[in-house]
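Input: a single structure, listed below in structure tokens.
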Amino acid sequence: MAGFRGQAVLIALAMAACSSTAETSAPTTVVATPAASQPAATAPPASPSSPTTTTAVLTSLPIGDGRRSTAPESGAVFACQTTFGPAGGAFRDGPWIRSDGTWDPSAKLHVQGDVRWPNAQFSSSVQGAIRAITTNGVPANVGTGTFPVDAADPAYQYDRNPNTITPRVTTYTVPAAPAAAAAPSCVNMGAIGVLLDGVALFNALDAQGRDAAAHEILDTCDGHPERTGQYHRHTVPSPSCLLAQRREPSTLVGYALDGFGIFVERHPDGRLLTNADLDGCHGRTSPVAWDGATAPVPMYHYVATLEYPYTVGCFKGAPTRG
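Using our numbering, the letters of the sequence shown map in sequence onto residues 1 to 322.
See below:
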């Protein structure tokens, strides 16, 4: 799924109207034992003391194609999978993909639809040394696109995702007090974490090993289903989908499978962090709000950015894999 895109100050996206019936399926349980300049935008970011719902539409980001590595590397995905086939995902580039190696998030199509999921489930609790996160994989407060992609949908001309969103109960168990491993490790295909609205987070790659946010046609909350029906995202979506216009210096938006938090983080002047602020796993150590502590806790965490690889470039800790 793509873009924590849209704009440098996180504009709200309007979702297209569409009615549908939520699907259900038999529950299953899987235990997964110095600041750089901002990407090009049409207006400057707002002050953190002045929340806003509009302005700066993001119009240019570098495409991450080919940015795969075999070790931690800033701006790259340290991927466990090293070979990819030519099929899967978008079969044609849209006009938002430019020949100069950039793409325009503001010009990209979205899969149409506003399918609601009244039976969405999400809970998170700490039980001793374990954080247990249970979800059925669909968001409670926002809609998803209509999948399979309808032939009348303009997205069909680029990405004919034939998969149906299938809710299924999954429990992720991760360390409640995560610690760095002896060495970082690669990120797998499939879920690498879970967002706080219950949606699975995948790495930044599509089935062809390309920048998924740039190439794949996603719904207005940047999600889509894979072949087994698991709805997921490749980035952290716009504030109307997850952040509700919050502008704190750091906001927890999910957990990686090694237990470290995934945060949207800002500089004191309100600018979002960029790859230049982060290490080879797309994270850093700084004070963040953590588990109800009365004061920010200095700790390692991943940072969601507008730039590829968007969330987690490699695992800093030891991940629990399904």
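From the three backbone atoms N, C-alpha and C, an ideal C-beta is built for every residue, glycine too.
As the structure is a computational prediction, the values presented were derived from the model and not from experiment.
Tell me the DSSP bridge mates of residue i?
i	result
Thr144	Val115
Phe122	Thr135
Taking 7 Å as the limit between beta carbons, can you name the residues of its chain near residue i, skipping five residues before and five after?
i	result
Val178	It is Pro, not Val, that sits at residue 178 in the sequence shown. Excluding sequence neighbours, Pro178 sits near Asp258, Gly259, Phe260, Gly317.
Thr102	Ser60, Leu61, Pro62, Ile63
Thr33	Here the model assigns Thr33 a pLDDT of 37, short of 50, so the residue's position is not dependable and the matter cannot be decided.
Using 7 Å as the threshold, is the C-beta distance between residue i and residue j below it?
i	j	result
Val126	Ala176	yes
Pro237	Asn163	no
Val111	Ala140	no
His267	Gly313	no
Ala256	Tyr308	no
Val288	Phe315	no
Gly75	Asn275	yes
Out of the options, state which residue places its alpha-carbon closest to the alpha-carbon of residue i.
i	options	result
Ser185	Arg210, Gln81, Pro239	Gln81
Thr171	Gln157, Ala207, Thr134, Arg160	Thr134
Gly89	Gly283, Ala276, Cys241, Arg227	Arg227
Ala71	Asp279, Pro296, His301	Asp279
Gln208	Leu58, Gly66, Val199	Gly66
Pro86	Asp206, Val303, Ala79, Leu196	Asp206
Thr220	Ile97, Pro105, Met189	Pro105
His234	Leu306, Pro287, Leu272	Leu306
Trp290	Ala120, Ser250, Arg98	Ser250
Glu73	Ser99, Asp277, Pro298, Val199	Asp277
Trp96	Phe202, Ile192, Leu58	Leu58
Thr83	Val297, Ala293, Arg210	Arg210
Can you give me the start and stop residues for the beta strand (DSSP E) that residue i sits inside?
i	result
His267	It is not in any beta strand (DSSP E) - His267 carries neither H nor E in the DSSP assignment.
Ala181	180-185
Ala200	200-202
Val236	Segment: none, Val236 is in no beta strand (DSSP E) and carries neither H nor E.
Arg284	283-288
Ala191	191-195
Phe315	315-317
With a CB to CB cut of under 8 Å and the five nearest residues on each side skipped, what residues in its chain are close to residue i?
i	result
Tyr158	Ala90, Phe91, Arg92, Asp93, Gly94, Leu109, Ile217
Could you give the first and the last residue of the continuous alpha helix (DSSP H) run that contains residue i?
i	result
Ala256	No alpha helix (DSSP H) contains Ala256, which is instead part of the beta strand (DSSP E) from 250-256.
His215	212-215
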